[in-house]
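What follows is a set of notes on a single structure, which appears directly below.
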Amino acid sequence: MTDIEYLKKYYKGNLNDAIKRLENNEPVQYIVGEVDFYGNIIKVNKNVLIPRFETEELVDYTIKFIKDKFNKKINILDIGTGSGAIAISLKKEIDSNVYATDISKDALIVAKENAINNNVNINFINTNIYEGINQKFDVIISNPPYISYDEEIMDIVKNNEPNIALYADNNGLYFYEEILKNIKSIINDKYLIAFEIGMTQFEDIKKYKELYLKDSIITLKKDMQGRNRMVFITNIE
Ligand SMILES: C[S@@+](CC[C@H](N)C(=O)[O-])C[C@H]1O[C@@H](n2cnc3c(N)ncnc32)[C@H](O)[C@@H]1O
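Right, dumping it as structure tokens:
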């Protein structure tokens, strides 16, 4: 579908105004103001990343794993929740207590509205990564910022979506190491850690896993376009 077709289908206001915004290189999803993510309507604005298809795939794999391996009510943590898309989709499908963090207060305003609109109860926490959280989790999921500062990305992304949602130090690897470094303090005996990753980052993340969670299994999954985009770390056979 072209952007114009998308606007015609989903935009509820004056189409001419919407087309002007499109001509000013604004993403069509911000103009419409909402997206469908995993069957849920998620409000988006310039304070949150536009949820991507590959993140739906991450959620789908995670839901299948949980349904297969856990048969109890579980605790889930979504780190860097943005619009809340991941947390809301998991809460809808899984018998769970869901916690979600973000360093951006503005993102959390959107996430909280999305949780209300989707009739789910999520514990949103404004913190750095998982600082100050004393809870233990069965599942930790994150689509953190992972773009290296020197990577060329599309102007429409760079000029519209929040930089804090996109870029990370250490060639984009900063959050994977920070999350894994102390993760033992917040995981239960049996756990799943699910990450969305940049397509060249797997080998480095594997090294962090060896360093910080030696006795676990790491699996790489490709997205629908055949790119290495998801990593699952678990000690459940
Ligand atoms: C790539 S976006 C992912 C948003 C959403 N989870 C999704 O998949 O669509 C990364 C998110 O991490 C948040 N973030 C950035 N730095 C953070 C930090 N130090 N601690 C917690 N969240 C952070 C950003 O505000 C942003 O919402």
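Going by our numbering, 992 is the number at position 81 of the sequence shown; the sequence numbering is gapless. Where is the CB? At the ideal position from N, CA and C, for every residue including glycine.
Coil, strand or helix - residue 1119 by DSSP: Residue mapping note: residue 1119 aligns to position 208 of the sequence shown, counting from 1. Three-state DSSP puts residue 1119 in a helix.
N-terminal and C-terminal residue of the beta strand (DSSP E) that residue 1140 is part of: Along the sequence shown, read from residue 1 onward, the residue named residue 1140 stands at position 229. Segment 1139-1145, the beta strand (DSSP E) holding residue 1140.
Start and end residues, alpha helix (DSSP H) containing residue 983: As a working mapping, residue 983 is identified with position 72 in the sequence shown. First-last for residue 983: undefined, no H or E at that position.
Cβ contact (3+ pairs, closer than 8 Å) linking the stretch 1040-1052 and the stretch 1090-1106: In short, these stretches touch, since the Cβ pair count reaches three.
Contact with chain D by residue 1089, beta-carbon distance below 8 Å: Considering every chain present, this structure includes no chain D. It has just one protein chain.
Between the CA atoms of residue 1021 and residue 980 - distance to the nearest angstrom: Position 69 of the sequence shown, counting from 1, holds the residue named residue 980. Position 110 of the sequence shown, counting from 1, holds the residue named residue 1021. Distance between the alpha carbons of residue 980 and residue 1021 is about 32 Å.
Coil, strand or helix - residue 1060 by DSSP: Position 149 of the sequence shown, counting from 1, holds the residue named residue 1060. Here residue 1060 sits in coil by DSSP.
Residue 1088: first and last residue of the uninterrupted alpha helix (DSSP H) it sits in: The count along the sequence shown starts at 1 and reaches residue 1088 at position 177. For residue 1088, the enclosing alpha helix (DSSP H) has its first and last residue at 1085-1092.
Same chain only: Cβ atoms within 8 Å of residue 958, ignoring 5 sequence neighbours per side: If you number the sequence shown from 1, residue 958 lands on position 47. If you ignore the 5 residues before and after residue 958, its C-beta comes within less than 8 Å of the C-beta of 1015, 1017, 1018, 1020, 1021 and 1073, all in its own chain and listed in chain order.
Closer than 7 Å: residue 938 CB and nearest ligand 1 heavy atom: Within the sequence shown, residue 938 is the residue found at index 27, counting from 1. No, since every heavy atom of ligand 1 falls outside the 7 Å radius drawn around the Cβ of residue 938.
Beta-bridge partners of residue 1012, as assigned by DSSP: Along the sequence shown, read from residue 1 onward, the residue named residue 1012 stands at position 101. Bridge partners of residue 1012: 990 and 1036.
Buried or exposed by the 16-neighbour rule on C-beta atoms within 10 Å, applied to residue 1067: Position 156 of the sequence shown, counted from the first residue, corresponds to residue 1067. Exposed, because fewer than 16 other Cβ atoms sit within 10 Å of the Cβ of residue 1067.
Distance between residue 1076 and residue 942 (C-alpha atoms, nearest Å): Indexing the sequence shown from 1 puts residue 942 at position 31. Indexing the sequence shown from 1 puts residue 1076 at position 165. Rounded to whole angstroms, residue 942 and residue 1076 show a C-alpha spacing of 19 Å.
Outcome for residue 1138 when other beta-carbon atoms lying within 10 angstroms are tallied against a minimum of 16: Within the sequence shown, numbered from 1, the residue matching residue 1138 stands at position 227. Counting Cβ neighbours within 10 Å, residue 1138 comes out exposed, since fewer than 16 surround it.
Neighbourhood of residue 1059 by C-beta distance below 7 Å, restricted to the same chain and skipping five residues each side: Here residue 1059 refers to the residue found at position 148 when the sequence shown is read from its first residue. Excluding residues up to 5 positions away in sequence, 1082 and 1083 lie with their Cβ nearer than 7 Å to the Cβ of residue 1059 in the same chain.
Coil, strand or helix - residue 1020 by DSSP: Position 109 of the sequence shown, counted from the start, is the residue given in the question as residue 1020. Here residue 1020 carries a helix assignment [DSSP, helix/strand/coil].
Beta-carbon proximity check, residue 961 vs residue 938, cutoff 8 Å: Numbered from its first residue, the sequence shown carries residue 961 at position 50. Numbered from its first residue, the sequence shown carries residue 938 at position 27. Yes; because the gap between Cβ atoms is below 8 Å, this pair is in contact.
Selected residue, minimal CA-CA separation from residue 1034, among 1055, 1027, 1028 and 1010: For this step, residue 1034 is matched to residue 123 along the sequence shown. Closest by alpha carbon: 1010.
Residue 1039 Cβ short of 7 Å to ligand 1 heavy atom set: Against the sequence shown, residue 1039 aligns to sequence position 128. Yes, ligand 1 has a heavy atom inside 7 Å of this Cβ.
Alpha carbon of residue 954 to alpha carbon of residue 1086, nearest angstrom: Residue mapping note: residue 954 aligns to position 43 of the sequence shown, counting from 1. Residue mapping note: residue 1086 aligns to position 175 of the sequence shown, counting from 1. The straight-line gap from Cα to Cα measures roughly 25 Å.
As assigned by DSSP and simplified to three states, the class of residue 951: In the sequence shown, the residue the question calls residue 951 occupies position 40. Annotated three-state conformation of residue 951 is strand, per DSSP.
Spatial distance of residue 1146 from residue 948 (CA atoms): Reading the sequence shown from its first residue, position 235 is the one you call residue 1146. Reading the sequence shown from its first residue, position 37 is the one you call residue 948. One C-alpha to the other measures close to 29 Å.
Pair within 8 Å by beta-carbon distance, residue 1037 and residue 966: Here the question's residue 1037 lines up with position 126 in the sequence shown. Here the question's residue 966 lines up with position 55 in the sequence shown. With respect to residue 966, residue 1037 sits apart: the two C-beta atoms are not nearer than 8 Å.
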